[in-house]
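Numbering (numbering that gives the first Met the number 0), first residue to last: 0 to 484. Where a beta carbon is used, it is the ideal one built from N, C-alpha and C, also for glycine. Remember, predicted model here, so these are calculated numbers, not experimental data. Note sheet for the following structure.
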Amino acid sequence: MARDVAERITAAGIAVGAAFVLGGIAAASILARAPQSVREAIAAPVPVVTRQGDWGLLLFTALALAITGGSVAYIYLLRELWYGAADGSTPPRAMLTAILGTSALAALCAASFPVVFSSDIYAYGWYGDLAAHGMSPYVHAAVAPLDALMGAAVAQWGNPPPMSVYGPLFTWISAGIVRLTAPLGAVGQLDAFRTLAIAALLLCSALAFAATQGWELRRRLVLCAGIALNPVAIWSCAEGHNDALMLAVIFAGIVLVRRRRLTAGAAAIALSMLVKATGIAAAVLLVIDAHAHRGAGALRRAILGATGGLLAVALLSIPFEHGVAGVLLPHAHYAPTFSPQWMVWKILAQLLPESLPAMAIGCTLVVLAGGAIALRGLRMAQAGERSGYAVIALAAWLVFPNAYPWYGLWMLPLALVAIDSRAGLAVLALTLTSAIRYVFDAAYGPGHPAYNLVAALLQYALPLLVLAGPPVPLRAQLQSVVEHE
0 MARDVAERIT AAGIAVGAAF VLGGIAAASI LARAPQSVRE AIAAPVPVVT
50 RQGDWGLLLF TALALAITGG SVAYIYLLRE LWYGAADGST PPRAMLTAIL
100 GTSALAALCA ASFPVVFSSD IYAYGWYGDL AAHGMSPYVH AAVAPLDALM
150 GAAVAQWGNP PPMSVYGPLF TWISAGIVRL TAPLGAVGQL DAFRTLAIAA
200 LLLCSALAFA ATQGWELRRR LVLCAGIALN PVAIWSCAEG HNDALMLAVI
250 FAGIVLVRRR RLTAGAAAIA LSMLVKATGI AAAVLLVIDA HAHRGAGALR
300 RAILGATGGL LAVALLSIPF EHGVAGVLLP HAHYAPTFSP QWMVWKILAQ
350 LLPESLPAMA IGCTLVVLAG GAIALRGLRM AQAGERSGYA VIALAAWLVF
400 PNAYPWYGLW MLPLALVAID SRAGLAVLAL TLTSAIRYVF DAAYGPGHPA
450 YNLVAALLQY ALPLLVLAGP PVPLRAQLQS VVEHE
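Following this line, the structure appears as structure tokens:
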């Protein structure tokens with residue numbers, strides 16, 4: 000049966016990859032029939048679909064079908080692992096190997112898709128190119144393209160592209176990628192970012208397995224497979240998004256915590272902000288966990304480690320901080336898009352008199368609701384319920400003004416830890432349906448509010464149905480991430 004489990008993992012992973020291959024074939028067929036103007040508009044080293052109207056909708060549909068097919072295999076696999084992975088006949092590492100191997104295969108299949116729906120890797124290349132040439136990516140100023148990569152970035156974003164919002168570690172990594180892969184040209188440089196993201200996703204899964212040593216085998220495997228074979232997570236990494244890199248740093252910190260090195264682990268988790276600032280949420284959750292489950296001594300060590308990490312981040316990120324103060328904040332404007340805040344705003348705009356600020360009222364209501372839900376989740380987590388962390392994740396998603404699909408990578412571990420609760424299943428569903436967000440940019444942009452509102456509502460329909468479903472019994476109390484002494 001152990002071998003059978005490994006075979007089922009392999010079959011499901013191959014099915015996820017096959018779904019991307021079939022979707023890619025459909026997308027290639029659509030492109031072959033598209034007008035020349037559409038093919039020229041998306042032509043680039045890595046083609047990006049942006050506001051291509053009906054043709055953009057068709058190309059998104061090909062991706063949506065691929066993700067839907069992959070999701071069926073993914074959910075089936077999680078169910079099989081939950082109910083059939085603990086028979087003891089298959090070595091756990093053999094199953095982990097199957098998860099990582101098939102995830103890598105599925106990611107390669109996703110990377111073969113003929114188009115992508117995000118230009119972020121072009122921004123990464125721009126930032127790395129600037130740093131490689133001794134210029135700061137935290138200064139928003141036009142620069143004459145110095146090579147083909149910078150020219151491609153300007154074609155996607157204009158000149159200058161937005162100021163970098165990423166930490167110095169990612170800037171250093173980006174500069175290294177640009178330098179090392181320069182002989183490969185712009186395509187090779189961009190593909191290197193995609194390769195890094197895929198490798199980071201595999202590392203997240205492996206570190207999650209290491210961090211949960213001592214847990215039920217089925218929980219460990221569901222967590223690892225749930226991360227590595229989630230179709231939207233795979234697609235996000237195939238597009239090159241750096242969120243898995245941030246998550247890998249967080250998991251490395253959790254491994255240290257589980258090995259009784261709480262201070263060092265807390266510091267490492269805080270250092271994830273050197274990739275992306277949202278890593279601070281993981282540090283906060285660790286402090287909450289230590290306070291709720293380990294007592295005053297663990298709390299002091301967690302705070303000490305997190306504070307040390309934050310101080311290091313603050314010192315290393317001074318150029319970024321100057322950019323935030325001098326560029327982002329003076330020119331910032333609040334513009335929720337394709338999110339719960341955006342939906343409530345658009346609905347209130349139709350109901351309220353024009354004299355009332357519908358956006359401010361709608362966003363405030365959603366943020367207040369999100370805060371109330373987060374407090375509820377916090378109380379649940381402190382009481383030892385796994386689902387409390389999934390409730391916190393739901394609250395976070397609710398208050399995101401613009402929730403992109405790759406944000407689901409941040410939420411995925413919290414959903415999988417609470418997979419046997421309605422909240423966990425709802426967050427898991429949201430990580431899959433979040434792919435609908437792509438249609439906003441791929442097809443019509445903000446020009447069709449009614450169409451976009453319907454699409455956004457579809458994004459939240461399945462998670463809401465899961466939340467409204469029958470209760471899922473919680474069979475075990477939450478095991479703290481902080482190892483007992």
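Backbone secondary structure at V390 - three-state DSSP: For the purposes of this step, residue 390 is taken as the residue at position 391 of the sequence shown. V390 falls in the helix class under three-state DSSP.
V47 - DSSP class collapsed to helix/strand/coil: Counted from its first residue, the sequence shown places residue 47 at position 48. V47: strand per DSSP, three-state reduction.
W214 - containing alpha helix (DSSP H), residue span: In the sequence shown, counting from the first residue as 1, residue 214 sits at position 215. Where W214 is concerned, there is no enclosing alpha helix (DSSP H), given that its DSSP letter is neither H nor E.
Given 8 Å, three or more beta-carbon pairs between the segment 71–78 and the segment 5–18: yes
Contact check, A151 vs P44, beta carbons under 8 Å: As a working note, residue 151 is residue 152 in the sequence shown. As a working note, residue 44 is residue 45 in the sequence shown. Closer than 8 Å, so yes.
Whole-angstrom C-beta distance between G23 and P159, which should lie under 8 Å: Numbered from its first residue, the sequence shown carries residue 159 at position 160. Numbered from its first residue, the sequence shown carries residue 23 at position 24. That belief does not hold up - the Cβ atoms of P159 and G23 are roughly 33 Å apart, past 8 Å.
DSSP three-state assignment for V453, whether helix, strand or coil: Stepping through the sequence shown from its first residue, residue 453 is reached at position 454. Helix.
Buried/exposed call for E320, threshold 16 Cβ in 10 Å: On the sequence shown, position 321 is the one that residue 320 refers to. Burial call: exposed.
Cα-Cα separation, F19 to S235: Translated into positions along the sequence shown, residue 19 becomes position 20. Translated into positions along the sequence shown, residue 235 becomes position 236. So the alpha carbons of these two residues sit roughly 13 Å apart.
Contact check, L183 vs W409, beta carbons under 8 Å: Here residue 183 is taken as the residue at index 184 of the sequence shown, counted from 1. Here residue 409 is taken as the residue at index 410 of the sequence shown, counted from 1. Cβ atoms of L183 and W409: not closer than 8 Å.
At least three beta-carbon pairs within less than 8 Å, the segment 119–139 to the segment 171–191: yes
Sequence-distant residues of the same chain with beta carbon closer than 6 Å to L466, five excluded per side: As a position in the sequence shown, residue 466 is number 467, starting the count at 1. Counting only Cβ-Cβ distances below 6 Å, and skipping sequence neighbours, we find R421 and A425.
Length of the line joining the Cα atoms of G83 and L95: Your numbering for residue 83 matches position 84 in the sequence shown. Your numbering for residue 95 matches position 96 in the sequence shown. One C-alpha to the other measures close to 15 Å.
For V115, the residue or residues it bridges with in DSSP: Against the sequence shown, residue 115 aligns to sequence position 116. DSSP, once it has assigned bridges, lists V47 as partnering V115.
Cβ-Cβ distance between R257 and Q212 below 8 Å: The sequence position of residue 257 within the sequence shown is 258, counting from 1. The sequence position of residue 212 within the sequence shown is 213, counting from 1. Yes, Cβ-Cβ distance for R257 and Q212 is below 8 Å.
C-alpha gap between R38 and S117, whole angstroms: By 1-based counting over the sequence shown, the position of residue 38 is 39. By 1-based counting over the sequence shown, the position of residue 117 is 118. Cα to Cα, the separation comes out at about 16 Å.
Those runs of the beta strand (DSSP E) which lie wholly inside the segment 126–160 and span at least 3 residues: none
Cβ pair L56, A442 closer than 8 Å: As a working mapping, residue 56 is identified with position 57 in the sequence shown. As a working mapping, residue 442 is identified with position 443 in the sequence shown. Closer than 8 Å, so yes.
Endpoints, alpha helix (DSSP H) assigned at I302: Reading the sequence shown from its first residue, position 303 is the one you call residue 302. Per DSSP, I302 belongs to the alpha helix (DSSP H) from A295 to L315.
DSSP three-state assignment for A11, whether helix, strand or coil: One-based indexing of the sequence shown puts residue 11 at position 12. If DSSP states are grouped into helix, strand and coil, A11 belongs with the helices.
Cβ-Cβ distance between L232 and L411 below 8 Å: Position 233 of the sequence shown holds residue 232. Position 412 of the sequence shown holds residue 411. Note on identity: in this sequence residue 232 is Ala, with Leu being the wrong assignment. The answer is yes: Cβ separation under 8 Å.
Helix, strand or coil at R421 according to DSSP, with G and I counted as helix: For the purposes of this step, residue 421 is taken as the residue at position 422 of the sequence shown. The answer is helix: DSSP assigns R421 an H, G or I state.
V254 beta carbon less than 8 Å from that of A209: Here residue 209 refers to the residue found at position 210 of the sequence shown. Here residue 254 refers to the residue found at position 255 of the sequence shown. Yes, the pair counts as a contact, with Cβ atoms nearer than the cut-off.
Local conformation of T180 per DSSP, three classes: Here residue 180 corresponds to residue number 181 of the sequence shown, with the count starting at 1. Looking at T180 - three-state DSSP - the assignment turns out to be coil, as it is neither helix nor strand.
Where R193 falls, given that 16 or more other Cβ within 10 Å makes a residue buried: Counted from its first residue, the sequence shown places residue 193 at position 194. With 16 or more other Cβ atoms within 10 Å, it is buried.
Which listed residue (V366, L364 and A389) has its alpha carbon closest to that of L376: Along the sequence shown, read from residue 1 onward, the residue named residue 376 stands at position 377. The amino acid occupying residue 376 in the given sequence is Gly; Leu does not appear at that position. Minimum Cα distance to G376 is reached at A389.
Inter-residue Cα distance where the pair is A109 and S102: For the purposes of this step, residue 109 is taken as the residue at position 110 of the sequence shown. For the purposes of this step, residue 102 is taken as the residue at position 103 of the sequence shown. Straight-line Cα distance between these residues: approximately 10 Å.
Limits of the alpha helix (DSSP H) - the one that H447 falls within: Along the sequence shown, one-based indexing puts residue 447 at 448. Neither: H447 is in no alpha helix (DSSP H) and is coded neither H nor E.
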